[in-house]
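Novice: Residue numbers (our numbering): 226 to 674.
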Ligand SMILES: Cc1cc2nc3c(=O)[nH]c(=O)nc-3n(C[C@H](O)[C@H](O)[C@H](O)COP(=O)(O)OP(=O)(O)OC[C@H]3O[C@@H](n4cnc5c(N)ncnc54)[C@H](O)[C@@H]3O)c2cc1C
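#1: Measure the CB-CB distance between residue 438 and residue 409 and report whether it falls below 8 angstroms.
#2: With residue 352 as the anchor, note down where its beta strand (DSSP E) starts and where it stops.
#3: Does the region 564 to 584 come within contact of the region 524 to 533, defined as at least 3 CB pairs closer than 8 angstroms?
#4: Would you decide whether residue 388 is buried or exposed? Buried here means 16 or more other CB atoms lie within 10 Å of its CB.
#5: Going by DSSP, name the residue or residues bridged to residue 246.
#6: Between residue 180 and residue 611, how many whole angstroms is the CB-CB distance? I'm expecting something under 8 angstroms.
#7: With a threshold of 8 angstroms on Cβ separation, who are the neighbours of residue 655 within its own chain once the five nearest residues in sequence on each side are excluded?
#8: Just list the residues that DSSP pairs residue 491 with in beta bridges.
#9: Between residue 507 and residue 551, what straight-line distance do the alpha-carbon atoms span, to the nearest angstrom?
#10: Regarding residue 280 and ligand 1, is the C-beta to nearest heavy atom distance less than 7 angstroms?
#11: Give the straight-line distance between the Cα atoms of residue 609 and residue 255, rounded to the nearest whole angstrom.
#12: Taking the alpha carbon of residue 543 as the point to measure from, which residue in 407, 350, 362, 289 has its own alpha carbon closest?
#13: Once you ignore the five residues that flank residue 673 on each side, which residues in its own chain have a CB closer than 6 angstroms to its CB?
#14: Distance check for residue 381 and residue 667, CA to CA, integer angstroms please.
#15: If you draw a straight line from the C-alpha of residue 244 to the C-alpha of residue 269, how long is it?
#16: Grab the span of the beta strand (DSSP E) containing residue 314 for me, first residue to last.
#17: Looking at ligand 1, does it come within less than 7 angstroms of residue 272, judged from the CB to the closest heavy atom?
#18: Can you list, in chain order, the residues of its chain whose CB lies under 8 angstroms from that of residue 475, leaving out five sequence neighbours each side?
#19: Label residue 587 either buried or exposed according to how many other C-beta atoms from any shown protein chain fall within 10 Å of its C-beta, with 16 as the threshold for buried.
#20: Kindly indicate which three-state DSSP category residue 526 falls into: helix, strand or coil?
#21: Report back the beta-carbon spacing between residue 390 and residue 360 to the nearest angstrom; my notes put them in contact at under 8 angstroms.
#22: In the DSSP output, which residue or residues are listed as bridge partners for residue 391?
#23: Less than 7 angstroms separating the Cβ of residue 566 from some heavy atom of ligand 1?
#24: Less than 8 angstroms between the C-beta atoms of residue 491 and residue 417, yes or no?
#25: In chain order, what residues of the same chain have a beta carbon less than 6 angstroms from the beta carbon of residue 272, not counting five sequence neighbours either side?
#26: Using only the heavy atoms of ligand 1, determine whether one of them is closer than 7 angstroms to the beta carbon of residue 363.
#27: If you count every other CB in all the chains shown that lies within 10 Å of the CB of residue 419, and 16 or more means buried, which is it?
#28: Closer than 7 angstroms to a non-hydrogen atom of ligand 1 - does that hold for the CB of residue 487?
#29: Just to confirm before moving on: does the CB-CB distance between residue 425 and residue 282 stay below 8 angstroms?
#30: Beta carbon of residue 419: closer than 7 angstroms to some heavy atom of ligand 1?
#31: DSSP on residue 485, reduced to helix/strand/coil?
#32: Would residue 631 pass as an interface residue toward chain B - the criterion being a Cβ-Cβ separation below 8 angstroms?
#33: I need the straight-line Cα distance from residue 651 to residue 645, nearest angstrom please.
#34: In three-state DSSP terms, what is residue 545?
#35: Can you list the alpha helix (DSSP H) stretches of 4 or more residues lying completely in the region 423 to 457, in chain order?
#36: If you count every other CB in all the chains shown that lies within 10 Å of the CB of residue 262, and 16 or more means buried, which is it?
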């Protein structure tokens with residue numbers, strides 16, 4: 226019996242096939258790698274950049290993502306820079322509403338923020354501690370295919386030492402929205418799935434916040450105007466302000482040294498490209514938001530960064546011919562709120578479970594059946610919910626619907642409690658209150674496509 230990098234015995238596998246390659250050490254890849262290594266598989270995690278690396282993200286973790294951290298056994302002490310939040314503070318149509326994260330048996334009741342530079346590093350370190358081998362500055366350039374079957378049997382990569390070839394019976398594509406590996410073997414994105422675009426920038430506050438509890442909430446601003454506020458086009462999307470700890474102070478909020486991650490994101494029901502200039506949209510919003518929060522352009526701590534948000538399983542199949550798609554590579558951002566980290570981590574967890582079962586069987590149909598359970602379990606867990614999200618995007622694409630929702634919806638706190646549970650995917654799948662039961666029934670009825 227061989228040993229894994231952390232010294233644990235590697236379970237004997239048929240034909241010595243205990244190796245898995247994971248491409249990309251974002252939340253999806255590092256989560257998958259941690260579980261794979263924990264299951265005794267020889268796990269190679271290939272990452273093109275070197276940590277810590279910047280990432281276009283709001284840095285916001287809902288209770289759904291916190292739950293994934295708890296599954297992984299990763300703590301979130303304030304001294305490491307994690308900042309807790311109580312829920313959403315929503316603005317729109319002249320209303321302001323505080324919606325605490327719901328009290329549920331299935332999820333914790335708090336969210337977190339941590340800059341992605343630190344968050345992704347923490348997840349990658351966790352995968353290494355579990356026994357995965359992380360190779361940084363290793364850009365995967367393409368899949369290695371079996372000539373006879375067309376099956377993926379490894380990858381080629383560009384490294385400082387030149388081109389390298391890595392072989393394994395299973396490759397996990399966790400390479401994010403670029404989905405280079407999936408595209409290379411012909412898994413194109415589905416044109417009928419929503420796609421979002423978001424841009425964000427971080428600012429240091431130059432004075433302590435003036436509104437009570439201002440740092441305790443993740444702020445969402447539902448009126449996103451393309452053009453002059455009140456007169457331009459009302460966009461399907463929202464702006465956010467997520468408070469986080471200033472890098473040098475940990476989350477010692479009493480120092481008042483706080484950074485805010487500010488961004489705007491919008492969504493379209495199909496993959497057609499939008500003509501909106503999102504960076505201009507953010508810049509325009511910042512001129513009114515900055516004075517309210519106490520920052521100006523000079524307080525920026527990094528440049529604006531933007532990226533696309535692939536939604537509702539826009540690339541499928543999630544498993545076929547030796548290649549597993551997780552996270553953004555499989556289009557797993559929520560059409561409801563643009564959240565992607567929790568789903569990336571969930572997919573990594575589900576994928577690792579199916580791969581461990583598959584590799585414990587001889588190569589052949591029986592192993593393939595075990596590997597396909599990954600796609601089935603993801604569809605069962607999220608397919609109906611994502612289908613509802615596709616309908617939601619089609620509705621809010623109409624500015625009139627968006628206007629009615631913000632003007633009249635926000636004035637009804639009971640309705641908003643249901644809306645909050647629906648948009649943040651935080652409901653009891655079984656039991657719970659009337660809102661949980663309503664959402665669970667709708668998600669069950671919606672076809673998982
Ligand atoms: C502006 C913006 C704000 C967002 N805000 C939030 C938020 O607040 N909360 C939230 O939950 N979600 C948010 N999202 C979505 C979230 O960022 C993604 O859904 C999430 O990062 C997906 O994780 P992933 O691991 O699948 O991909 P990624 O995080 O993109 O990780 C992919 C990794 O693969 C590596 N890689 C890529 N190509 C290769 C290659 N060829 N070889 C080797 N390595 C490679 C990359 O360097 C990267 O490390 C936001 C997105 C944007 C654009």
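Glycine is no exception: its CB is placed at the ideal position from the N, C-alpha and C atoms. All values reported here derive from a predicted model rather than from experimental measurement.
Specialist: Judging by the given coordinates:
#1: no
#2: Per DSSP, residue 352 belongs to no beta strand (DSSP E); it is in the alpha helix (DSSP H), 341 to 355.
#3: no
#4: exposed
#5: 269, 396
#6: A question about residue 180 goes unanswered here, because the residues of the chain that appear run from 226 up to 674.
#7: 665
#8: 422, 462
#9: 30 angstroms
#10: yes
#11: 26 angstroms
#12: 407
#13: 604, 608, 609
#14: 44 angstroms
#15: 8 angstroms
#16: 312 to 317
#17: yes
#18: Unreliable positioning characterises residue 475 in this predicted model, as indicated by a pLDDT of 49, which lies under 50. The coordinate reading is nonetheless provided below. Cβ neighbours of residue 475 beyond the five flanking positions: 303, 304, 305, 306.
#19: exposed
#20: coil
#21: Wrong, their Cβ atoms sit about 13 angstroms apart, outside the cutoff.
#22: 380
#23: yes
#24: no
#25: 250, 361
#26: yes
#27: buried
#28: no
#29: yes
#30: no
#31: strand
#32: Absence of chain B from the displayed structure is noted, only one protein chain being present.
#33: 8 angstroms
#34: strand
#35: none
#36: buried
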